[in-house]
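A short write-up of the structure that comes next.
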Amino acid sequence: MDRSYDVAVIGLGAMGSAAAYHLAARGLRVLGVERFGPAHDRGASHGGSRIIRQAYFEHPDYVPLLLRAYELWEALEHDSGSELMTLTGALMLGRPDSRTVSGSRASAQRWSLPHEMLEAAEIRRRFPTLQPRDDHIGLYEARGGFVRPEAAVDAHLRLAERAGADLRFFEPAAAWTALPGGEGVRITTAAQTYTADRLVVCPGAWAPRLLADLGVEFTVERQVQYWFAPRGGTEPFAPQRHPVYVWEDPAGVQVYGFPAYEGPQGGVKTAFFRRGTPCTPETLDRRIHPEEIAVIAEHLSDRVPDLPGRFLRGAACMYTTTADEHFVISAHPEHPQVTVACGFSGHGFKFTPVVGEIAADLATAGTTAHPIDLFDPRPRRAAEPRQEVPR
Ligand SMILES: Cc1cc2nc3c(=O)[nH]c(=O)nc-3n(C[C@H](O)[C@H](O)[C@H](O)COP(=O)(O)OP(=O)(O)OC[C@H]3O[C@@H](n4cnc5c(N)ncnc54)[C@H](O)[C@@H]3O)c2cc1C
Numbered sequence: 001m002d003r004s005y006d007v008a009v010i011g012l013g014a015m016g017s018a019a020a021y022h023l024a025a026r027g028l029r030v031l032g033v034e035r036f037g038p039a040h041d042r043g044a045s046h047g048g049s050r051i052i053r054q055a056y057f058e059h060p061d062y063v064p065l066l067l068r069a070y071e072l073w074e075a076l077e078h079d080s081g082s083e084l085m086t087l088t089g090a091l092m093l094g095r096p097d098s099r100t101v102s103g104s105r106a107s108a109q110r111w112s113l114p115h116e117m118l119e120a121a122e123i124r125r126r127f128p129t130l131q132p133r134d135d136h137i138g139l140y141e142a143r144g145g146f147v148r149p150e151a152a153v154d155a156h157l158r159l160a161e162r163a164g165a166d167l168r169f170f171e172p173a174a175a176w177t178a179l180p181g182g183e184g185v186r187i188t189t190a191a192q193t194y195t196a197d198r199l200v201v202c203p204g205a206w207a208p209r210l211l212a213d214l215g216v217e218f219t220v221e222r223q224v225q226y227w228f229a230p231r232g233g234t235e236p237f238a239p240q241r242h243p244v245y246v247w248e249d250p251a252g253v254q255v256y257g258f259p260a261y262e263g264p265q266g267g268v269k270t271a272f273f274r275r276g277t278p279c280t281p282e283t284l285d286r287r288i289h290p291e292e293i294a295v296i297a298e299h300l301s302d303r304v305p306d307l308p309g310r311f312l313r314g315a316a317c318m319y320t321t322t323a324d325e326h327f328v329i330s331a332h333p334e335h336p337q338v339t340v341a342c343g344f345s346g347h348g349f350k351f352t353p354v355v356g357e358i359a360a361d362l363a364t365a366g367t368t369a370h371p372i373d374l375f376d377p378r379p380r381r382a383a384e385p386r387q388e389v390p391r
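Residue numbers for the sequence shown follow UniProt numbering, beginning at 1 and rising by one.
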């Protein structure tokens with residue numbers, strides 16, 4: 001049976017669930033199709049925690065979006081009744097000229113964000129789990145912390161359904177077609193064909209396939225999250241003592257971590273930021289290998305000396321990275337009725353609700369009041385536009 005909708009959303013992970021909710025809350029008839037089940041662990045949005053912070057070393061233009069994201073995270077917690085965001089403070093660590101420290105400081109100054117610059121000795125005194133060398137400093141912001149990815153996706157999906165969205169799980173879109181004239185799209189799944197006036201595509205690591213004609217290069221990377229039981233127990237790593245952190249070494253390698261937010265049994269989570277290995281959703285190696293556990297344990301051994309006690313578990317995840325590591329959020333350059341939100345390059349989760357709001361603006365009004373110039377795919381398209389490729 002053919003059914004018609006105002007807006008269809010392909011992919012109901014982080015960004016698609018948020019888009020579906022914001023669209024349905026505006027009274028639109030929304031269809032969502034998802035390859036897997038609700039809040040699954042096959043894409044980019046699993047592992048219990050994602051860092052959230054405002055003094056953004058990646059680029060100051062992200063800060064207004066972060067300020068709006070915090071408001072929307074609070075609204076989402078309120079409306080869903082779920083605990084989603086925990087503010088523990090965030091420390092950005094490294095040499096003063098590292099990108100992590102200098103970029104965070106530039107964003108904090110540009111937007112007058114409350115922050116403190118801490119010398120190594122002060123960091124060791126206030127946060128004894130962290131042992132920086134004397135030539136490292138830290139930018140501390142009290143508004144940093146973490147959000148819970150599975151609970152957040154689940155909250156957006158529940159609220160979207162409550163607002164009337166028709167969400168179909170285990171129903172991958174095999175293809176989408178923009179109908180000529182800028183109006184209307186057709187989406188084909190194994191179950192049926194749907195039509196909608198507008199389409200929002202949020203495919204995560206499936207972007208190279210589903211959005212090949214965008215002409216943007218994406219690298220899908222395997223990234224591992226590790227949980228360790230610290231020597232001496234989790235108490236010193238409790239959320240009120242141990243902030244989230246990103247720590248850059250002199251070679252530019254960044255490691256990051258969380259407090260023990262799951263109590264004594266849950267362990268303490270840590271990971272490298274970037275340094276992944278290229279993969280596809282089909283070739284992603286989900287096994288965690290002893291050699292890679294040894295590498296991160298060694299990297300942490302003098303920075304967070306009590307952490308790499310006993311390895312508890314790991315979980316592989318995928319980044320979908322663009323060449324400049326900035327997101328792609330835009331109307332599709334060839335099809336104005338299609339909105340794309342992808343290429344979140346390993347740092348998108350904290351923006352989830354504001355990306356949903358922006359996608360809803362673009363899909364309904366064709367424009368948004370949010371600053372999104374950085375995310376325009378057109379200047380970043382490969383020199384030779386590719387031919388239409390089968391999806
Ligand atoms: C290890 C790791 C750590 C991270 N840490 C942080 C962090 O601390 N802070 C932060 O802000 N960000 C972090 N990120 C990044 C963040 O999690 C991602 O940017 C974000 O989850 C991406 O959301 P998404 O909606 O694009 O992808 P996903 O949540 O993966 O959603 C894409 C969805 O599309 C579906 N799909 C694909 N193709 C189809 C199809 N044909 N039909 C139907 N459905 C389809 C998929 O099944 C999936 O559900 C991290 C990511 C990883 C992997």
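Using N, Cα and C, we set each Cβ at its ideal position, and we do this for glycine too.
Drop a sphere of 10 angstroms on the beta-carbon of residue i, count the other beta-carbons inside from all chains shown, and report buried for 16 or more, exposed for fewer.
i: P353; result: buried
i: H289; result: exposed
i: R162; result: exposed
i: G103; result: buried
i: P96; result: exposed
Could you tell me whether any non-hydrogen atom of ligand 1 is closer than 8 angstroms to the CB of residue i?
i: P203; result: yes
i: G11; result: yes
i: L210; result: yes
i: C342; result: yes
i: A173; result: yes
i: A271; result: yes
i: P149; result: yes
i: G346; result: yes
i: S104; result: no
i: G43; result: yes
i: V220; result: no
i: Q225; result: yes
i: T320; result: yes
i: R95; result: no
i: F36; result: yes
i: R162; result: no
i: residue 393; result: Past the boundaries of the shown model lies residue 393; the chain is included only from 1 to 391, so the question cannot be answered.
i: F228; result: no
i: A108; result: no
i: I52; result: yes
i: S301; result: no
i: S80; result: no
Report back the beta-carbon spacing between residue i and residue j to the nearest angstrom; my notes put them in contact at under 8 angstroms.
i: E282; j: E58; result: Not confirmed; about 29 angstroms, so no contact.
i: T189; j: A174; result: 6 angstroms
i: A365; j: L199; result: About 15 angstroms; that fails the 8 angstroms criterion.
i: V246; j: Q240; result: At roughly 20 angstroms, the Cβ-Cβ gap does not stay under 8 angstroms, so V246 and Q240 are not in contact.
i: L130; j: I123; result: 6 angstroms
Under DSSP, the beta strand (DSSP E) around residue i begins and ends at which residues?
i: A315; result: R310 to T322
i: I288; result: Premise fails: I288 is in no beta strand (DSSP E) and is neither H nor E.
i: Q225; result: F218 to A229
i: D166; result: D166 to R168
i: A55; result: Segment: none, A55 is in no beta strand (DSSP E) and carries neither H nor E.
i: T188; result: V185 to T189
i: R116; result: A small correction: the amino acid at residue 116 is Glu; Arg does not occupy that position in the sequence shown. Run containing E116: E116 to E119, per the beta strand (DSSP E) assignment.
Could you spell out where the alpha helix (DSSP H) holding residue i opens and where it closes?
i: V63; result: V63 to S80
i: D150; result: The residue you asked about is not Asp; residue 150 is Glu in the sequence shown. Here the alpha helix (DSSP H) through E150 covers P149 to R162.
i: R99; result: R99 to R110
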